[in-house]
Structure formats: C-alpha cells, structure tokens
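For the sequence shown, the residue numbers in the working numbering are 2 to 783.
Every residue, glycine too, gets a C-beta built ideally from N, C-alpha and C.
What you are looking at is a predicted structure, and each value in this text was computed from that prediction instead of being measured.
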Amino acid sequence: MRKFFQAVAIVEVSPDLADRLYLDQASDLVYIMRGIALVGANTISLLFFEYRGASGGELQKLLFFLLFGVYGAIIWRGVIWLRTPKPTGRDAKRFIDDIRGLDIVLGLLWALLLIWSMEHADGDQRSLLYGIMVGCMATPVLVRPISCAVAFWLPLTFGAIVSLFMWQRVDPFAVVCLIGFTSLTAFCIVFLNKRMTERAISTIRIEEHGEVIKLLLRDFEESASDWLWETNAALQLQPVSSRLAQVVHKRAEDVTGTFPQALLGDVARFEHRVGSPVYRLNKYIEDRSPFRDLVVPVIIDGEERSWSLTGKPILNKAGAFAGYHGVGSDITSQRRSQEQIAFLARHDSLTKLPNRVLFNEVLHQACARCHEEGLALLCLDLDEFKLVNDTYGHATGDGLLIAVGERIRGCLREGDVAARLGGDEFAIILLTDDVEEATAIGRRIIERVNRPYYFDNQLVTIGISIGIALAPQDHTGPSGLLKNADLALYRAKADGRGVWRLYDPDMDERLQDRRALQLDLRKALARQEFFVEFQPIVELATGRVLSTEALLRWRHPERGLLSPAQFIPMAEEAGLIGAIGTWVLNEACRAAAVWPAPIRVAVNLSPLQFRGGNLVQVVDEALLESGLAPERLELEITETTMLETNSQTVDALWKLHGRGVKIALDDFGTGYSSLSYLRRFPFDTIKIDRSFIRDLGYEKDDSSIIIAIIGLADNMNMSVTAEGVETREQAVMLADLGCTRGQGFLFYPPLKAEEVAAAAIASARLLPVLAADNAPPARDVA
Ligand code: C2E
Ligand code: CA
Ligand code: CA
2 MRKFFQAVAI VEVSPDLADR LYLDQASDLV YIMRGIALVG ANTISLLFFE
52 YRGASGGELQ KLLFFLLFGV YGAIIWRGVI WLRTPKPTGR DAKRFIDDIR
102 GLDIVLGLLW ALLLIWSMEH ADGDQRSLLY GIMVGCMATP VLVRPISCAV
152 AFWLPLTFGA IVSLFMWQRV DPFAVVCLIG FTSLTAFCIV FLNKRMTERA
202 ISTIRIEEHG EVIKLLLRDF EESASDWLWE TNAALQLQPV SSRLAQVVHK
252 RAEDVTGTFP QALLGDVARF EHRVGSPVYR LNKYIEDRSP FRDLVVPVII
302 DGEERSWSLT GKPILNKAGA FAGYHGVGSD ITSQRRSQEQ IAFLARHDSL
352 TKLPNRVLFN EVLHQACARC HEEGLALLCL DLDEFKLVND TYGHATGDGL
402 LIAVGERIRG CLREGDVAAR LGGDEFAIIL LTDDVEEATA IGRRIIERVN
452 RPYYFDNQLV TIGISIGIAL APQDHTGPSG LLKNADLALY RAKADGRGVW
502 RLYDPDMDER LQDRRALQLD LRKALARQEF FVEFQPIVEL ATGRVLSTEA
552 LLRWRHPERG LLSPAQFIPM AEEAGLIGAI GTWVLNEACR AAAVWPAPIR
602 VAVNLSPLQF RGGNLVQVVD EALLESGLAP ERLELEITET TMLETNSQTV
652 DALWKLHGRG VKIALDDFGT GYSSLSYLRR FPFDTIKIDR SFIRDLGYEK
702 DDSSIIIAII GLADNMNMSV TAEGVETREQ AVMLADLGCT RGQGFLFYPP
752 LKAEEVAAAA IASARLLPVL AADNAPPARD VA
C-alpha cells in the first residue's frame, strides 16, 4: 500500500520549477480538454436524439444543456488561455484551477445524467449507456495534471457505479467489469500522471542546463581560441559568431554558404585524395555522422593553417537530420611546434640533416628491399676535426660541420639520404649498388669537402675519409652493412686519410686480428714483453752524445718485435697508455741514472697522459725512485698535447718545468702550427720533424722552413734538434743552417741502455763529424 502511495504521490518540485511545470501542463491540458469537449459534446448530441421522446425528459434536457454549456466553457477558457500573451506560471495555474473546477462540474453532470438515463433506459439504450460510461471513465487517463483528471473521474465513476446498482436486476458481469475498469483507470491516471510529470521535469531541467551550457559556450568562444559553428539541414552555415569571422579574416555576414566549403575555402575543393583529412570530413558529412578533432588544412589569406574540427549532427523531434553543430580551433602554432619537435627528434639540430634515429629507420627500410633495389652505404669521418675545434674554437667547428653537411648534400641525388650520426661522423645511403657510381660520389665528396672554408676571414681546411659497403653484395642487414662500411672507413683512415675505401672481406679478418692484438696488449705489461731502447741525440758540431730518446718496444710472443707506431695508438684507444707511459718513464729514469752526467733521457708523452691529472706525481716518483736529477729528464710532447684546451696541461708543464725538467716540442712542423701556444709555454727544445730533413739537399727542399724554425727557436731561446738525420749531407746542411743537434741513423740507431754509456764515452773522443772527412761515428745504418 505504501508503495502504491509512493508510486502515485505527486512529484515534489521547487517553486520556480513548478511555474515551468504549470506552463507545460497547461499547454497540454488546453489541447486535450478541447478534444474531450468536442467528443463529449458530440456524445451529448447523440444521447439527446436517442432520448428525444423519453418520459421525464425535462431534467435530462436540462442536464444536456448544462453539459453543452460546460463543454463550451472549457473550450472558451482554452481560447482565453491560448491568447494570453507571454503567460506566466501563475496564469497557467489559474487556467488549470479553472479547468479543474469545470471538470468537477462536468463529472457531476455526467454522473447525474448516467444515473437518470440508466433509470429510464431500455435494454439497447443501457448497452449504449454502458459503453458511454466506460468511454467517459477512460477519458481522464489522458488528462494531466492529476487534479484535473481526478476532478472529472471521481464524480463520474461514483455516478457510474450508482447507476449500475439502480437497475432492477443488477448484472453481475457488468459490475465485475466496471470494478476492474475503475481500478485500471484509477491506476493509469495516477501512474501516467506521475510519469509524465517526472518526464516534464527532466525535460525542463535539460532545457535549463542547455541554457547554462549555451551561456558558457558563448563565454568560452569569446575567451578561447576555439569557436562554434552550426548549419541547418541543408548544411548552410548559420549566422557565424564574431570569433569565427575573425578566424577566417572576413566579416561575419560574408561567411555564408555550405559547410565545409564555406569555411575551408580552396582546400575543400582541391584536397580530395582518398584518405586525406578533407576527404574524411566530406565522408562524415555525407553519412551525417559525428566527427571529433579532425585536423584539416585551410587557406586563410594565402597562408596554410590547421584547424581541428568537431561536429555532431542535430536531429529534430522527428529524428530527422536538422544540421550540424560543432566546435573548431586553430591549432596551427600547436601543430607547427609539434612538427618541430618531431623534426628535432629525428634530425640533427646543427646541420638539419637526419640524425641517427631517422637514419636507422631509412637504413632498415632500404635493407629490407635491397634484393629488389640495391644500395650503397657510405660512412664518413672528418680527419682531425678535433684539432679544428681546439684551434679555432667551437663556433668555427660548428660552422664547419654545417658547411660540410651542405657540401655533402650537394653531391647527392634526389632519394639519397645523408645523415649526421654524431660528432664529425656522417653517413649516406645511396640508391645504387653500382661500385662505379658509389665510388664516384665518394670521390666527389672528398674533393668538395677538401676545398677551403672561410670563417671570419680565416681559411680553414678539413679532410674526410669514406668507407663504402654495398647491399646486397657485402651484407643485407643494417647492422652488418654498417659494420662493413665502418671497417672500410677504418681502412681509409689507416691508409692516410682523405681517401675512400670499399669494403672487402679481408678487412673483417684484419679487424679480428686487431682485436686479438689489443687483447694481447692488455697483458703485455704484466708479461714483461715491453722494453725500451735509447737513441742518442748528438751535438752536430762535435758528435758528442748529449741526450737520448727513450723508444718503447714490444716483443710479441708470436708476432715478434713491434714498433710503437703499431701499438701506441691502440694503447691510447684501450686506455692503457697511462700505465705503459708510467712504466717507460720509470725505465728511462732508472737507465739514465747510471749514465755519466750530463747525458739526459727524453721520454715521449701521449696527450692522454695529461688527462689523468697525476702526471706531475708520476714524474716526481720516477725521479725520486731512480735518483735522477730533474735536469737530466726531458719530456717530449707534440702539438696535439698543446692544443688541448684545458689549462690542466699547461699547469702540469709549468710545475714540471719548475722542478727543472726539460720540455721538448716533438714532430714540429707536422701539426697545425698555429704557434700561438709557443707563447703560452717556454719550451727548451724544438724537434724538427724528420719529414723536413728527408728532402734536404734535393731540388725542392724545405730549407726555408728549417731556417724559419731555427730563427724562431733562437729568438725564443730554444735549442733545435733535427730528427731522422740519415746522411752526412743532411748533417752538414743542418749545421750550416744553424741547427746544433741531430738524431738519426747517421749517428746512432736506438740502443740498449747499457750501450749508451759506451757510445757516450766513444763519442766524446771522436772528432767532430762535420769537420772530418772520415766516416761518421755511426754504426750500420739499418
Ligand atoms: P718519434 O718521437 O718521432 O721517435 C722517433 C722515431 O724515429 C723512432 O721510431 C725512431 O726509431 C725513428 N728514427 C730514428 N732515427 C731515424 C732515421 O734516421 N730515419 C728514420 N726514418 N727514422 C728514424 P719508433 O721507435 O718506431 O717510434 C715511433 C714513434 O712512436 C715515436 O716517434 C714516438 O712518437 C712514439 N713512441 C715511441 N716510444 C714511445 C713511448 O714510450 N711513449 C709514447 N707515448 N710514444 C712513443
Ligand atoms: Ca719523440
Ligand atoms: Ca719525433
């Protein structure tokens, strides 16, 4: 029972909602009551004819006229209501109250009429009355609000029941049917009214929310970069907002036509490739389906921009398509920055060439179809790029990389891909596996890159080495192909740089070989496979041994004696140079300590030995342990060491110099010779590289350079040693040019430590080499 009352309870509403509800109910009520009045009046007319001659018809006639009057009043009240301009909730309530009153009268009149008529009816008429009775009782089911329905239903039903019991012979079937019917209509009135009211309330609420949403949207459109658009069923744009007009750079009244052409302009006409965004947009619209965040291009004032469009079809009450509404935003800048980020992720920021990520992708794709379409992979590496960076600074280094990138690109055809893999490493994928073509391009790149560059009025040159591998011939997988091209590059570097080399399978073998040697090198120190030889340096004028240079040797158990040129770079690469260098230093100091003073020992230092940071300490310990006077130790460093930009190197040199250790500049003239570093540190000795000595006495000799070096050294109080002196002519010329010291096979080859003392004693007794006509005091020239 409680449930029943809950189900039938009138829905509770707030006062302002009640007003809307009254209006809603009134607008339904007026039409339903009109219908009821017309049908009711019609029924009354029928009954009137039916009972024309019945006895006691006066009361019946009165009832007929009264009913007509009430129906008329209902219609009349409806007309008044419909004519009310801008009706309020209160107007609606008054209308409903009036109709309720009329409904009560109507119900009572019908009840009386039924009771009276049933009493005076014959069999056929009773059936008709019974039918009318049921019809009348059903009518309130259509009426809402419930008060109006009940106002009619209650008296009528009461009258109907009374009239049935007033028959002389109560028909039990009719009574049962009437009771069932009464219950059903009662339930329907309550239940349907409750349902309709609830529905009306939710519709009102949705409408109200819709208003709020509209307000918010307008607010959003004014403040955000987004804008709203709307079309009618014919896809004609509805009047556009000022925001949208502003976006398309037109006046609002000029933005007319059908969507999307009217907004997208020319793009909508031309961009019709299957699958293109415009194609998809048109498809959605054709299907009248919704779309979301669809990014389409637009041309606005000749500039291509990107819009993100979202649209939803609107359906009218009948469920038919009534147009689209949606939102759009200009995401051009967002897109551009996204594109830029995507570009940066796959390109080198400096040269704008593809980076390793993109390059690997392209290489994978190219390798996947290398059986149909062969390719050539070129690995490129700048020669001595670090020196350019160190000499001219990083800005010039960067400028050089950009310029090199451009020149490389200039050598390629469309479809070829050049990438910067990092540092001074580049790589190229050529769409050909033709050896001639690939090597021709390699040659062209070397030639172009070699041409001088100008930065800030400075002339800078750089070389490049190239390794080439072909697919499918050399390898078909990306990593294998890269490895092979790298091997070829390694070969090119080893063959003197500035050249290209094609991969050949032997290279693999050589690499394996090199790896094995590197493994051996790691163990060489512990296995005591190293030893040091000492090559004397003599005074040219007297032939006296002044000093010696310590030269490292490796006696490999299988490969025999190896020269430092073969393994020192490897030791540097493998990080072993520190330990090996320290060992040489100790050996050299220990050996020199037993030689007669003032014979010195010179030890070669790798630039990497300065990076450890403990060089000074290592030298101190070697001197302390051997007891050698610091003045008898000389350290040979190269220009490369001096080009290290950090001050650590120069600090260490100054500290060593402070202890009395001599510092020599080795291989002078072969490096970059920016010479500025000569001012940063006072060298004791310059060693002229043997490449300058070799051609002395021949037609195009380097004597002018030697003269310049000697002049410079004189000026800066440095002594000069000539390296690689092999002939007496060279020695004579060097002496003539003012060079005071020499080192070379002419005088002595590298000697065992114990041989040095004897050589020194012997040389002291010898006549000056240059003065005498007799043979020089050298042993066999190897
Ligand atoms: P370097 O400092 O220029 O050493 C001189 C090289 O010239 C030695 O080669 C020596 O044997 C060679 N030589 C001497 N006289 C003549 C000559 O009359 N004609 C010709 N053609 N050559 C001559 P070596 O011993 O093979 O050393 C090669 C390089 O290895 C050295 O060049 C030096 O840079 C490096 N090196 C040698 N020992 C060490 C070391 O202990 N530590 C480091 N870091 N490097 C070393
Ligand atoms: Ca040297
Ligand atoms: Ca040298």
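Q. What residue from 326, 372 and 301 has the CA that sits closest to residue 293's CA?
A. As a first step, residue 293 must be located in the sequence shown, where it is residue number 292. Residue 326 is the option with its Cα nearest to residue 293.
**Q.** residue 356 burial status per 10 Å Cβ neighbour count (16 or more: buried)
**A.** Here residue 356 is taken as the residue at index 355 of the sequence shown, counted from 1. Buried: at least 16 other Cβ atoms inside 10 Å.
(Q) Do residue 606 and residue 636 count as a contact pair if the criterion is CB distance below 8 Å? (A) Position 635 of the sequence shown holds residue 636. Position 605 of the sequence shown holds residue 606. A contact, by the Cβ cut-off of 8 Å.
Q: Have a look at residue 496 and residue 425 and give me their C-alpha separation to the nearest angstrom.
A: By 1-based counting over the sequence shown, the position of residue 496 is 495. By 1-based counting over the sequence shown, the position of residue 425 is 424. So the alpha carbons of these two residues sit roughly 19 Å apart.
Q. Would you call residue 138 buried or exposed, if buried means 16 or more other Cβ atoms sit within 10 Å of its Cβ?
A. Within the sequence shown, numbered from 1, the residue matching residue 138 stands at position 137. Its Cβ being crowded by 16 or more others within 10 Å, residue 138 is buried.
Q: Can you give me the Cβ contacts of residue 728 inside the same chain, cut-off strictly under 7 Å, excluding the 5 residues immediately before and after it?
A: On the sequence shown, position 727 is the one that residue 728 refers to. 747, listed in sequence order.
Q) Does any heavy atom of ligand 2 sit closer than 7 Å to the C-beta of residue 385? A) Position 384 of the sequence shown holds residue 385. No; taking the cut-off as 7 Å, the Cβ of residue 385 has no heavy atom of ligand 2 nearer than that.
Q.
So if DSSP puts residue 307 in a beta bridge, which residue, or which two residues, is it bridged to?
A. Here residue 307 is taken as the residue at index 306 of the sequence shown, counted from 1. Beta bridge pairing from DSSP links residue 307 with 298.
Q.
What I want to know is whether the C-beta of residue 724 ends up closer than 7 Å to one or more non-hydrogen atoms of ligand 1.
A. Sequence index remark: in the sequence shown, residue 724 carries index 723 (1-based). At least one heavy atom of ligand 1 sits closer than 7 Å to the Cβ of residue 724.
Q: May I ask you to list the residues that DSSP assigns as paired with residue 132?
A: Sequence index remark: in the sequence shown, residue 132 carries index 131 (1-based). Answer is none; residue 132 lacks a bridge partner.
(Q) Suppose only complete runs of 4+ residues qualify. What are the alpha helix (DSSP H) ranges in the segment 379-435, listed by chain order? (A) You should have 386-393 and 395-411.
Q.
Is residue 685 near ligand 3 - that is, is its Cβ less than 7 Å away from at least one heavy atom of it?
A. Numbered from its first residue, the sequence shown carries residue 685 at position 684. No, Cβ of residue 685 sits at least 7 Å from all heavy atoms of ligand 3.
Q. Quick check: the segment 339-349 against the segment 392-401, are there 3 or more CB pairs under 8 Å?
A. These segments do not touch.
Q. In its own chain, which residues sit with a C-beta less than 6 Å from the C-beta of residue 11, not counting the 5 before and 5 after it?
A. Residue 11 sits at position 10 when you count from the first residue of the sequence shown. Low per-residue confidence applies at residue 11: pLDDT is 49, beneath 50, and the placement is therefore not dependable enough to give any value.
Q.
Please determine whether the Cβ atom of residue 745 lies at a distance below 7 Å from any heavy atom of ligand 1.
A. What you label residue 745 is simply residue 744 of the sequence shown in a count that begins at 1. Correct: residue 745 has its Cβ closer than 7 Å to ligand 1.
Q) For residue 639, which of 301, 380 and 611 has the nearest alpha-carbon? A) For the purposes of this step, residue 639 is identified with residue 638 of the sequence shown, where counting begins at 1. The alpha carbon of residue 639 has as its nearest neighbour, out of 301, 380 and 611, the alpha carbon of 611.
Q.
Comparing C-alpha positions only, which one of 385, 444, 90 and 642 sits nearest to residue 408?
A. The sequence position of residue 408 within the sequence shown is 407, counting from 1. Between residue 408 and the set 385, 444, 90 and 642, the nearest pair of CA atoms involves 444.
**Q.** Beta-carbon separation (whole angstroms), residue 468 vs residue 486, contact threshold 8 Å
**A.** Within the sequence shown, residue 468 is the residue found at index 467, counting from 1. Within the sequence shown, residue 486 is the residue found at index 485, counting from 1. The pair is a contact, with the Cβ atoms about 5 Å apart (cut-off 8 Å).
**Q.** Boundaries (first-last residue) of the beta strand (DSSP E) holding residue 544
**A.** As a working note, residue 544 is residue 543 in the sequence shown. Note, residue 544: premise wrong, no beta strand (DSSP E); not H, not E.
**Q.** Opening and closing residue of the alpha helix (DSSP H) in which residue 459 lies
**A.** One-based indexing of the sequence shown puts residue 459 at position 458. Element bounds for residue 459: not the alpha helix (DSSP H) but the beta strand (DSSP E), 459-461.
Q | Extent of the continuous alpha helix (DSSP H) to which residue 1 belongs | A | Not covered by the structure: residue 1. The range shown for the chain is 2 to 783.
Q: Please indicate yes or no: does the CB of residue 534 lie closer than 7 Å to some heavy atom of ligand 2?
A: Your numbering for residue 534 matches position 533 in the sequence shown. No, the Cβ of residue 534 stays beyond 7 Å of every heavy atom of ligand 2.
Q | Rounded C-alpha distance that separates residue 201 from residue 95 | A | Translated into positions along the sequence shown, residue 201 becomes position 200. Translated into positions along the sequence shown, residue 95 becomes position 94. Rounded to the nearest whole angstrom, the C-alpha separation of residue 201 and residue 95 is 19 Å.
Q: Give me the Cβ distance between residue 142 and residue 193, rounded to the nearest whole Å; I'm assuming they're in contact under 8 Å.
A: Taking the first residue of the sequence shown as 1, we reach residue 142 at position 141. Taking the first residue of the sequence shown as 1, we reach residue 193 at position 192. The C-beta separation of residue 142 from residue 193 comes to about 6 Å, placing the pair in contact by the 8 Å criterion.
Q.
I'd like to know whether the C-beta atoms of residue 1 and residue 110 end up nearer to each other than 8 Å.
A. Lying before the first or after the last residue shown, residue 1 is absent from the chain, which here runs from 2 to 783.
Q: Using only the heavy atoms of ligand 1, determine whether one of them is closer than 7 Å to the beta carbon of residue 614.
A: By one-based count along the sequence shown, residue 614 stands at place 613. Checking the Cβ of residue 614 against ligand 1 gives no.
Q.
At a threshold of 7 Å, does residue 690 count as lining ligand 3 (C-beta to nearest heavy atom)?
A. Your numbering for residue 690 matches position 689 in the sequence shown. Yes, the beta carbon of residue 690 sits closer than 7 Å to at least one heavy atom of ligand 3.
Q: For residue 570, name the three-state secondary structure that DSSP assigns.
A: In the sequence shown, residue 570 corresponds to position 569, counting from 1. The answer is helix: DSSP assigns residue 570 an H, G or I state.
**Q.** For residue 557, the residue or residues it bridges with in DSSP
**A.** Stepping through the sequence shown from its first residue, residue 557 is reached at position 556. Per DSSP, 561.
Q: Using only alpha-carbon positions, find the residue among 683, 525, 252 and 632 that is nearest to residue 562.
A: Position 561 of the sequence shown, counted from the first residue, corresponds to residue 562. Relative to the Cα of residue 562, the nearest Cα in the group 683, 525, 252 and 632 belongs to 525.
Q: Look at residue 596 and residue 757 and say whether their C-beta atoms are less than 8 Å apart.
A: Translated into the one-based positions of the sequence shown, residue 596 becomes position 595. Translated into the one-based positions of the sequence shown, residue 757 becomes position 756. Against a cut-off of 8 Å, the Cβ pair of residue 757 and residue 596 comes out as a contact.
**Q.** Beta-carbon proximity of residue 73 to residue 31, cut-off 8 Å
**A.** What you label residue 73 is simply residue 72 of the sequence shown in a count that begins at 1. What you label residue 31 is simply residue 30 of the sequence shown in a count that begins at 1. Going by C-beta atoms, residue 73 is not nearer than 8 Å to residue 31.
Q: Would you kindly report the start and end of the unbroken alpha helix (DSSP H) that includes residue 256?
A: Counting from one through the sequence shown, the residue named residue 256 turns up at place 255. Run containing residue 256: none; DSSP gives neither H nor E here.
**Q.** Given residue 608 as reference, the closest of 446, 126, 388 and 50 once Cα atoms are compared
**A.** Sequence index remark: in the sequence shown, residue 608 carries index 607 (1-based). If we check each option's Cα against that of residue 608, 388 comes out closest.
**Q.** Run of the alpha helix (DSSP H) containing residue 154, from where it starts to where it stops
**A.** Along the sequence shown, one-based indexing puts residue 154 at 153. 147-166 is the span of the alpha helix (DSSP H), which, as asked, contains residue 154.
Q) Got a sec: does ligand 3 put a non-hydrogen atom nearer than 7 Å to the Cβ of residue 521? A) As a working mapping, residue 521 is identified with position 520 in the sequence shown. Within 7 Å of the C-beta of residue 521 there is not a single heavy atom belonging to ligand 3.
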